[in-house]
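Using full-length UniProt numbering, read the sequence shown as starting at 2 and increasing by one per residue.
Using N, Cα and C, we set each Cβ at its ideal position, and we do this for glycine too.
Note that the structure is predicted; figures quoted are calculated from it, not measured.
Step one of this worksheet: look at the structure below.
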Amino acid sequence: ALISLRQLLDHAAENGYGMPAFNVNNMEQVHAIMQAADETNSPVIMQGSAGARSYAGEPFLRHLITAALEMYPHIPVVMHQDHGSAPGVCLRSIQSGFSSVMMDGSLMEDMKTPASYEYNVDVTRKVVEMAHAGGVSVEGELGCLGSLETGEMGEEDGHGAEGKLDMDMLLTDPQEAADFVAQTGVDALAIAIGTSHGAYKFTKEPTGEILRIDRIKEIHERIPDTHLVMHGSSSVPQEWLEIINNHGGDMGNTYGVPVNEIQEGIKHGVRKVNIDTDLRMASTGAVRKHLADNPSNFDPRKFLKESTKAMKEICKARFEAFGCAGNA
Ligand code: G3H
Ligand code: 13P
Ligand code: NA
Ligand code: ZN
């Protein structure tokens, strides 16, 4: 059944668990997430980015998720629009049936230029008014994702400020977060604590200086009733990095957000954890390996099945680690 983000995250807060929110672009990802949820009895958040809408086409993306609802009627599913660049984008998702939208007013509409606090409050409040009138939830974002090692947004495919950022933008201020939530009425708040989108987050295993879990605790103390969201939270599995590079791939040395650090965040108010890169890496690794091991195969179903299986294992591991298994 389709449920709102607020309904799910309220349940997560009451029961002390966190939810992975997986980005989806194609049928195999939807299959992988739903099979994993079914096997672990977990609720589901699937989210579509602007990139996903332009890849699949909005109707295909929406129908893939509604097909999952039809096939798994016993699993609660949130259909969430990721990183809306403007109120109009969110309005179109609300009209087409999404149960949750993100208004990312931390950046201007170009999704590159950091926005002022006043702009962010203004566009986010507008979306909350529209969305709540229809029972749709809203996620806002305060602070800009980016690396505390380099000051770069660290993202290779859009969704991040361009070039170097002021260091103070890279960490959400707890006092400002309290004011932002009071002024906008958002259901969930994405915060900046040193993570960034994509595979290249950290050049080494992150320490407490470059991955500021302590900041989550400070924000949660200030606004204990607000559901916090961690973006850029793929763990960048070293085993998949190796499989990719051992089968013709060429990815650089890189580290993600360790699962145990996410678990620490969940203890302090993190309820939604955005994951895209991990499924991309598992899918690519599985396809590369299958094609290398089976050079005569030309049936895409065979390598796509391997992709689904690899992504499903990641989904199951996250459902279990974040404590949402058993809560469907
Ligand atoms: O927000 C970042 C997600 O990883 C989506 O990326 O825009 O390439 O679909 P995308
Ligand atoms: P990753 O690139 O770490 O998977 O982050 C995804 C994300 O934050 C989508 O909004
Ligand atoms: Na989002
Ligand atoms: Zn994100």
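Quick one, are the C-beta atoms of residue i and residue j less than 7 Å apart?
| i | j | result |
| --- | --- | --- |
| Met185 | Val129 | Correcting the residue type first, residue 185 is Thr in the shown sequence and not Met. Cβ atoms of Thr185 and Val129: closer than 7 Å. |
| Val78 | Val45 | yes |
| Phe203 | Tyr256 | yes |
| Thr173 | Ile192 | yes |
| Ile315 | Ala287 | no |
| Lys313 | Met20 | no |
| Gly141 | Leu190 | yes |
| Ile245 | Arg289 | yes |
| Ile194 | His269 | no |
| Gly147 | Ser197 | yes |
| Ala200 | Val258 | no |
| Ala51 | Leu62 | no |
| Val124 | Met103 | no |
| His221 | Leu10 | no |
| Thr114 | Phe320 | no |
| Ala178 | Leu149 | no |
| Ser101 | His133 | no |
| Gly135 | Ile95 | yes |
| residue 1 | Leu92 | This structure does not reach residue 1, given that the chain is present from 2 up to 329, and the question cannot be answered. |
Among all the DSSP beta bridges, which residues are the ones paired with residue i?
| i | result |
| --- | --- |
| Gln184 | In DSSP, Gln184 forms no bridge with anything. |
| Tyr256 | Phe203 |
| Leu3 | Val78 |
| Ile276 | Phe23 |
| Glu140 | Met103, Ala189 |
| Gly49 | Gln82 |
| Glu153 | Lys165 |
| Val230 | Ala191, Lys273 |
| Pro115 | Leu108 |
| Leu172 | Ile194 |
To the nearest angstrom, report how far apart residue i and residue j are at their CA atoms.
| i | j | result |
| --- | --- | --- |
| Ser234 | Val187 | 21 Å |
| His232 | Val31 | 20 Å |
| Met109 | Gly85 | 11 Å |
| Glu69 | Asp277 | Reading off the sequence shown, one finds Ala at residue 69, where the question assumed Glu. Cα to Cα, the separation comes out at about 19 Å. |
| Leu65 | Phe23 | 14 Å |
| Met252 | Asp167 | 28 Å |
| Asp294 | Ser308 | 14 Å |
| Val260 | Pro88 | 33 Å |
| Glu219 | His291 | 46 Å |
| Arg7 | Glu59 | 23 Å |
| Met72 | Met28 | 13 Å |
| Ala326 | Ser43 | 5 Å |
| residue 1 | Gln239 | Coverage of the chain is limited to positions 2 through 329, which leaves residue 1 absent and any answer about it impossible. |
| Trp241 | Lys310 | 13 Å |
| Gly250 | Val182 | 44 Å |
| Leu171 | Asp300 | 46 Å |
| Cys14 | Ala329 | Note on residue identity: the sequence assigns Ala, not Cys, to residue 14. Straight-line Cα distance between these residues: approximately 14 Å. |
| Ser117 | His248 | 45 Å |
| Asn16 | Asp226 | 14 Å |
| Gly159 | Ile214 | Unreliable placement is indicated for Gly159, whose pLDDT of 49 sits below 50; the coordinate value is still reported in the next sentence. Distance between the alpha carbons of Gly159 and Ile214 is about 25 Å. |
Mind checking residue i: buried by the 16 CB within 10 Å criterion, or exposed?
| i | result |
| --- | --- |
| His75 | exposed |
| Lys317 | buried |
| Asp83 | buried |
| Tyr18 | buried |
| Gln48 | buried |
| Asn298 | exposed |
| Asn275 | buried |
| Asn121 | buried |
| Met35 | buried |
| Ser55 | exposed |
Taking 7 Å as the CB-CB limit, is residue i close to chain B?
| i | result |
| --- | --- |
| Pro74 | Absent from the structure: chain B. Only one protein chain is present. |
Quick test of the definition: if touching needs 3 or more C-beta pairs under 8 Å, does the region 256-266 touch the region 287-306? no
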